[in-house]
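Undergrad:
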Amino acid sequence: MLDPLLSLRSGTTVASLNRPWRFAPKQTYDLQANPKGLISFGTAENHLATDELVEFAQKNVDSYFLYRGATAGGPDLPQALVAHLNEYLKPYKLIHVQDVQIANSASAMHDALAWALADKGDAFLTSRPVYGRFELDFFNKSGVQVEYADTTAQDCFDETVVEKFAKALQSCEARGVKVKTIFIVNPNNPLGKCYPRKTLVEIMKFCNQNRLHLFSDEIYACSVFDSGEPTAVPFTSVLSLDTDQYIDPCLLHVTWGLSKDFGAAGLRIGALISRSPSVIKAVESVARFHNAAAPSLSIGAAMLSDREWCRSFVDSSRHKLAAAYRHVTRGLDQMGIEYLRGTNAGFFVWINLSPYLSEKERFPEFALATQLQRCGVFLHPKEEHSLEAGWFRLVYVQDSETMTEGLKR
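Quick note on UniProt numbering: the sequence shown kicks off at 1 and runs consecutively.
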């Protein structure tokens with residue numbers, strides 16, 4: 001029942017807050033203070049990088065407290081951000097400040113991008129499994145739906161994925177749903193794998209043929225590591241390709257932020273990179289509602305401006321991620337739990353718990369997640385829209401003791 005004091009649109013989004021399992025519970029486990037607390041394998045925060053980040057910020061940050069410190073990314077962050085992205089995304093054509101807009105988180109930028117590219121009731125199309133919160137990012141304010149192609153973890157990186165996109169596009173048209181954008185997550189969340197170059201080319205060509213925008217979320221671009229997996233594919237940013245051969249540059253957009261690669265989710269800084277002046281202007285027109293705070297921008301600018309520290313931090317983070325991946329997969333191997341191979345990016349591993357689903361349950365993944373939570377460990381059920389039953393995303397970027405205890409539970 002909608003509250004008559006609320007608008008229809010806010011009533012709809014308020015109702016989404018009550019959706020079971022929509023939000024992960026907070027981790028309460030502490031070896032000393034609360035050893036029986038809940039261990040969460042559901043939230044993609046890089047706890048392994050926190051100490052280095054705090055030490056740097058305490059030594060190097062000066063802040064601003066006036067409007068000018070927060071407007072348009074502040075006085076220093078845009079140029080520092082461009083230098084970082086040019087180094088790590090390796091764009092075919094250099095990124096310039098005028099190609100960038102900054103917001104208070106990647107989620108906020110997703111909302112602004114949805115507002116800029118689509119109208120209420122339109123849709124963005126993607127493959128699956130995929131991070132489930134895009135539904136909130138695109139819909140809750142802008143009213144843009146997410147549609148899913150019928151792909152699996154085994155075929156969503158293949159060049160033939162465009163055939164699945166074509167079928168999904170036809171289905172949307174038959175239902176009167178207008179698709180404006182195809183979006184991908186590269187490196188992929190929740191699969192921890194990177195898109196092959198040839199697949200990116202095919203997706204760009206498909207978007208160009210159908211006059212669809214292509215939006216690539218590359219927020220894990222620097223969180224690629226040596227996993228020892230022989231089938232792992234190296235990261236390729238869409239911007240590193242000679243994209244003019246395959247797609248109208250005004251149709252191609254990338255988002256990135258500090259929350260993952262720098263373990264700085266609390267800073268709330270995200271960015272859009274686009275060669276389309278009209279899209280940049282459209283996002284700029286609503287930027288006043290998405291400005292990051294000046295202290296956050298000061299920290300971000302200090303981090304990205306210090307290129308020597310930045311390279312050292314990224315290298316250190318990659319080594320820590322590789323060690324954490326080896327630790328969790330060694331534990332899974334010992335437990336006899338199957339997981340997706342070829343992973344080399346992100347904070348998570350895609351695990352198969354289908355042998356432990358109960359046939360008696362109407363919603364077996366939710367029943368299993370409830371049982372796990374009673375045992376003190378949290379995994380998010382059905383959040384990634386997988387067509388294959390029983391697969392879960394396990395986030396492993398915590399200290400080895402916590403991970404070992406979580407696996408034991």
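Glycine included, each C-beta is placed from N, C-alpha and C at the ideal position. Owing to the predicted nature of the structure, the values given are computational and were not obtained by experimental measurement.
Leaving aside the five residues before and after glutamate 193 along the sequence, list all residues of the same chain whose C-beta is less than 8 Å from its C-beta, in chain order.
TA: What sits at residue 193 in the sequence shown is lysine, not glutamate. Answer for lysine 193: Phe157, Pro187, Ala232, Val233, Leu340, Gly342, Thr343, Asn344 and Ala345, listed in chain order.
Undergrad: Taking the beta carbon of arginine 175 as the centre, do at least 16 other beta carbons fall within 10 Å, making it buried, or is it exposed?
TA: exposed
Undergrad: What is the DSSP secondary structure of valine 349, counted as helix, strand or coil?
TA: Assignment of valine 349 by DSSP, reduced to helix, strand and coil, places it in the strand class.
Undergrad: Measuring CB to CB, does leucine 89 end up less than 8 Å from serine 237?
TA: Cβ distance < 8 Å, so leucine 89 and serine 237 count as in contact.
Undergrad: Mind checking whether methionine 303 and phenylalanine 262 have CB atoms under 8 Å apart?
TA: yes
Undergrad: Kindly indicate which residue of Leu77, Ser223 and Tyr148 has the alpha-carbon position closest to the one of leucine 48.
TA: Ser223
Undergrad: So the candidates are His327, Ile337 and Ser278; which of them puts its Cα closest to the Cα of proline 249?
TA: Ser278
Undergrad: Looking at the secondary structure, which residues open and close the alpha helix (DSSP H) in which leucine 85 lies?
TA: 77 to 88
Undergrad: In this structure, does DSSP put alanine 282 in helix, strand or coil?
TA: helix
Undergrad: So, glutamate 361 versus alanine 367, is the Cβ gap smaller than 8 Å?
TA: Pairing glutamate 361 with alanine 367 gives a Cβ-Cβ distance under 8 Å.
Undergrad: Tell me, to the nearest whole angstrom, how far the beta carbon of threonine 255 is from that of alanine 106; I am working on the premise that it is less than 8 Å.
TA: 5 Å
Undergrad: Between the Cα of histidine 169 and the Cα atoms of Leu85, Lys281, Glu388 and Ser127, which residue gives the shortest distance?
TA: First, the residue type needs correcting, since residue 169 is leucine and not histidine in the sequence shown. Minimum Cα distance to leucine 169 is reached at Ser127.
Undergrad: For alanine 389, which residues in the same chain have their Cβ closer than 8 Å to its Cβ, ignoring the five residues on either side in sequence?
TA: Ser354, Leu357, Pro364 and Glu365
Undergrad: Output needed for serine 227: all residues of its chain with C-beta closer than 7 Å, excluding positions within five of it in sequence on either side, in chain order.
TA: Ala322, Tyr325, Thr343 and Asn344
Undergrad: Just confirm the distance between the C-beta atoms of leucine 258 and glycine 300, as a whole number of angstroms; I'd bet it's less than 8 Å.
TA: 6 Å
Undergrad: Apart from the five residues just before and just after residue 494, which ones in its own chain have a Cβ nearer than 7 Å to its Cβ?
TA: In this structure the chain extends from 1 to 409, so residue 494 is not present and cannot be described.
Undergrad: Extract the residue ranges of the alpha helix (DSSP H) inside the stretch 306 to 375, only unbroken runs of 4 or more that lie entirely within it.
TA: DSSP assignment within the stretch 306 to 375 yields the following whole alpha helix (DSSP H) runs of 4 residues or more, N-terminal first: 307 to 335 and 364 to 374.
Undergrad: Between serine 305 and alanine 80, is the Cβ-Cβ spacing less than 8 Å?
TA: yes
Undergrad: Let me know the secondary structure DSSP gives residue 418 once reduced to three states.
TA: Outside the shown range of the chain, which is 1 to 409, sits residue 418, and nothing can be said about it.
Undergrad: Would you call the stretch 141 to 161 and the stretch 89 to 101 touching, i.e. three or more CB-CB distances under 8 Å?
TA: no
Undergrad: Run the CB neighbour count on phenylalanine 225, radius 10 Å, all protein chains shown included, and call it buried at 16 or more, exposed below.
TA: Around the beta carbon of phenylalanine 225, 16 or more other beta carbons sit within 10 angstroms, so the residue counts as buried.
Undergrad: Assign histidine 319 to buried or exposed, taking buried as 16 or more other Cβ atoms, counted over all protein chains shown, within 10 Å of its Cβ.
TA: By the 10 Å Cβ count, histidine 319 comes out exposed.
Undergrad: What residues in its chain sit with their C-beta under 8 Å from that of isoleucine 182, if we drop five residues either side in the sequence?
TA: Phe124, Leu125, Thr126, Phe165, Ile203, Phe206, Cys207, Leu212, His213, Leu214 and Phe215
Undergrad: Do lysine 180 and leucine 117 have their C-beta atoms within less than 8 Å of each other?
TA: yes
Undergrad: Looking only at DSSP bridge pairs, what is aspartate 30 linked to?
TA: Asn34
Undergrad: Along the alpha helix (DSSP H) that carries glutamine 145, what are the first and last residues, could you check?
TA: Not the alpha helix (DSSP H): glutamine 145 falls in the beta strand (DSSP E), residues 145 to 148.
Undergrad: Look at the Cβ atom of asparagine 189, then the Cβ atom of tyrosine 148, and state whether they are nearer than 8 Å.
TA: It is not a contact, given that the beta carbons lie outside the stated cut-off.
Undergrad: Based on the DSSP output, what are the partners of glutamine 58 in its beta bridges?
TA: Per the DSSP secondary-structure output, glutamine 58 pairs with nothing in a beta bridge.
Undergrad: Tell me the DSSP bridge mates of isoleucine 182?
TA: Leu125 and Leu214
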